[in-house]
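Asks:
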Amino acid sequence: MTKTDYLAALEKYLKTLPEADYKEAMDYFTEYFEEAGSENEAQVIEELGDPKDAAEEIIRSLSSNQAEETSTRPQHQSSAHNHQSYTDNAYIFEDYATISELHIDVTTQDILIEPSPDDFFHIKYYNGKGNNQIISTVQNEKWHITEKGNTHYSGLDWIINVMKNGFDNHPICIQIPNGKILQSFSLQATSGDVAVSHLQTQKGTIELSSGDLTMRHCHLQQTNVTLISGDIHLAHVKLTNCKLSLVSGDFDTHSLEIAGKTSIQTTSGDISLHLLRHNFSYDLETVHGDISISDQLQPSHQIVGNTIHHQATASTDSLTIQAVSGDINLY
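Heads up: the sequence shown at position 20 corresponds to 20 in UniProt numbering, and the numbers run straight through without jumps.
Right, here's the structure in full:
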């Protein structure tokens with residue numbers, strides 16, 4: 001069965017839905033296929049299951065959702081480190097004094113991390129009435145931003161969740177004092193764009209399922225970045241002993257600095273890196289694609305098939321790039 005066959009069968013079984021629900025469901029199924037890419041078509045069909053069963057589950061879930069009452073947000077519990085908390089219309093604003101770790105685990109919100117205007121940590125988030133409510137707590141200088149009832153959905157569950165609850169279009173805005181280095185940082189999100197500026201970490205993980213990741217003026221150390229579907233944009237970013245993995249999407253940088261041992265892996269998409277300096281070792285490999293490097297990176301390298309190797313004599317820093325399908329461009 002192909003994507004076209006699956007959507008045609010699904011269309012037939014969903015015809016009993018009201019026109020608006022039917023169109024919305026078909027749009028989400030189509031989007032799910034497109035975000036995964038044609039190379040992952042068989043995997044998506046396996047995730048979604050039989051189209052008749054999927055349609056019946058959609059119809060059943062929407063029917064039960066109409067009978068549910070909208071849950072209300074519990075009263076926020078202030079932590080001992082909380083400096084101030086107040087509301088402005090539907091938004092919650094909170095301030096904290098001392099933070100050494102930041103851990104974010106959300107589903108469909110966009111996330112914005114930027115410098116604080118003062119010496120406090122700030123967060124602004126929407127106090128909506130959806131099923132997922134943001135919870136911000138600090139204990140022992142560890143800041144956790146999560147959701148009530150947070151579940152990371154995939155396949156049919158993702159489509160049902162979005163149809164029942166919709167996308168949360170209100171971003172979570174986080175501000176960190178300029179120059180503050182977090183001992184540990186983690187970010188996990190299912191769907192939504194992430195924009196980060198002036199973040200400094202000693203170690204961390206970033207795991208995104210769907211959405212773009214944009215970072216500016218950041219220094220990541222010992223950080224693993226994984227993005228399933230979306231683009232990665234880095235500008236004036238330093239990576240020290242980091243591992244970055246991108247399944248479907250393009251990877252581009254401006255004034256990227258490499259330190260320690262850093263690696264980049266992609267499955268489908270082009271890699272274009274504008275580098276701040278060039279005195280490091282590198283191994284570049286693409287299975288289906290071309291490799292282009294600037295003259296500054298070409299003094300002495302070995303070319304074997306679709307692999308280029310260069311060993312720097314005056315630096316222990318190194319960059320490894322492995323791509324399955326896509327071009328690699330370093331300059």
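We put the CB at the ideal spot given by N, CA and C, even for glycine.
Computed from a predicted structure; not experimentally measured.
1) Can you tell which of I99, A54, S315 and T253 has its C-alpha closest to the C-alpha of S184?
2) Spell out the partners DSSP gives C173 in its beta bridges.
3) Examine the Cβ distances between the segment 23-35 and the segment 218-226 and report whether three or more of them are shorter than 8 Å.
4) Identify which residue in S229, H288 and L276 has its Cα closest to the Cα of A323.
5) Can you tell me the Cβ-Cβ gap for S186 and T214, rounded? I've got them flagged as a contact below 8 Å.
6) Which residues mark the beginning and the end of the beta strand (DSSP E) in which D252 is found?
7) Among the residues of its own chain, which have a CB less than 7 Å from the CB of E11, if the five just before and after it don't count?
8) If you compare alpha carbons, which of R277, I176, Y6 and D270 is closest to S116?
9) Just the Cα atoms here: how many angstroms apart are S325 and H144?
10) Taking the alpha helix (DSSP H) that I45 belongs to, which residues open and close that run?
11) Any chance you could list the beta strand (DSSP E) runs of at least 3 consecutive residues sitting entirely within the segment 263-331, in chain order?
12) Could you spell out where the alpha helix (DSSP H) holding K15 opens and where it closes?
13) Quick check: what's the CA-CA separation for H219 versus L199?
14) Determine contact between the segment 237-255 and the segment 308-315, defined as no fewer than three beta-carbon pairs at a distance below 8 Å.
15) In the structure shown, what three-state DSSP assignment does K203 receive?
16) Which first and last residues belong to the beta strand (DSSP E) in which A195 is found?
17) With a threshold of 7 Å on Cβ separation, who are the neighbours of Y22 within its own chain once the five nearest residues in sequence on each side are excluded?
18) Judging by CA-CA distance, which residue of I321, Y28, L330 and T286 is the nearest neighbour of I293?
19) Can you look up D212 in the DSSP assignment and give me helix, strand or coil?
20) May I have the straight-line CA-CA distance separating L244 from I264, to the nearest angstrom?
21) By Cβ distance, which residues of its chain are closer than 7 Å to E39, with the 5 residues on each side in sequence left out?
22) Using C-beta distances below 7 Å, list every residue in its chain close to L319, excluding the 5 sequence neighbours before and after it, in chain order.
23) Taking all protein chains shown into account, do 16 or more other C-beta atoms lie within 10 angstroms of the C-beta of I111, making it buried, or fewer, making it exposed?
Replies: If we stick to the structure as given:
1) Looking up residue 184 in the sequence shown gives position 184. Of I99, A54, S315 and T253, the residue nearest in Cα terms is I99.
2) Residue 173 sits at position 173 when you count from the first residue of the sequence shown. For C173, which the question treats as bridged, DSSP gives the partners L112 and K124.
3) no
4) Translated into positions along the sequence shown, residue 323 becomes position 323. Out of S229, H288 and L276, H288 has the C-alpha closest to the C-alpha of A323.
5) Position 186 of the sequence shown, counted from the first residue, corresponds to residue 186. Position 214 of the sequence shown, counted from the first residue, corresponds to residue 214. The Cβ separation is near 18 Å, so there is no contact.
6) As a position in the sequence shown, residue 252 is number 252, starting the count at 1. Looking at the DSSP string, the run of the beta strand (DSSP E) that includes D252 is F251 to A259.
7) For the purposes of this step, residue 11 is taken as the residue at position 11 of the sequence shown. So the list reads M26, once near-sequence residues are dropped.
8) Position 116 of the sequence shown, counting from 1, holds the residue named residue 116. Of R277, I176, Y6 and D270, the residue nearest in Cα terms is I176.
9) Here residue 325 is taken as the residue at index 325 of the sequence shown, counted from 1. Here residue 144 is taken as the residue at index 144 of the sequence shown, counted from 1. When rounded, the distance between both Cα atoms is 37 Å.
10) Counting from one through the sequence shown, the residue named residue 45 turns up at place 45. Unbroken alpha helix (DSSP H) run through I45: E41 to L48.
11) 271-275, 281-288, 291-293, 302-304, 307-310, 318-325 and 328-330
12) Numbered from 1 along the sequence shown, position 15 holds the residue referred to as residue 15. Looking at the DSSP string, K15 is not in any alpha helix (DSSP H), and its letter there is neither H nor E.
13) Translated into positions along the sequence shown, residue 219 becomes position 219. Translated into positions along the sequence shown, residue 199 becomes position 199. Cα to Cα, the separation comes out at about 6 Å.
14) no
15) Taking the first residue of the sequence shown as 1, we reach residue 203 at position 203. Residue state, collapsed to three classes: coil.
16) Taking the sequence shown and counting its residues from 1, one reaches residue 195 at position 195. A195 -> beta strand (DSSP E) spans V194 to S197.
17) On the sequence shown, residue 22 is found 22 positions in, with the first residue counted as 1. Only L14 and K15 meet the Cβ criterion.
18) If you number the sequence shown from 1, residue 293 lands on position 293. If we check each option's Cα against that of I293, L330 comes out closest.
19) As a working mapping, residue 212 is identified with position 212 in the sequence shown. Here D212 sits in coil by DSSP.
20) For the purposes of this step, residue 244 is taken as residue 244 along the sequence shown, with counting starting at 1. For the purposes of this step, residue 264 is taken as residue 264 along the sequence shown, with counting starting at 1. Spanning the two alpha carbons is a distance of roughly 5 Å.
21) Taking the sequence shown and counting its residues from 1, one reaches residue 39 at position 39. So the list reads S268, once near-sequence residues are dropped.
22) As a position in the sequence shown, residue 319 is number 319, starting the count at 1. Counting only Cβ-Cβ distances below 7 Å, and skipping sequence neighbours, we find I258, T262, F280 and Y282.
23) Within the sequence shown, the letter at position 111 stands for residue 111. Per the 10 Å Cβ criterion, buried.
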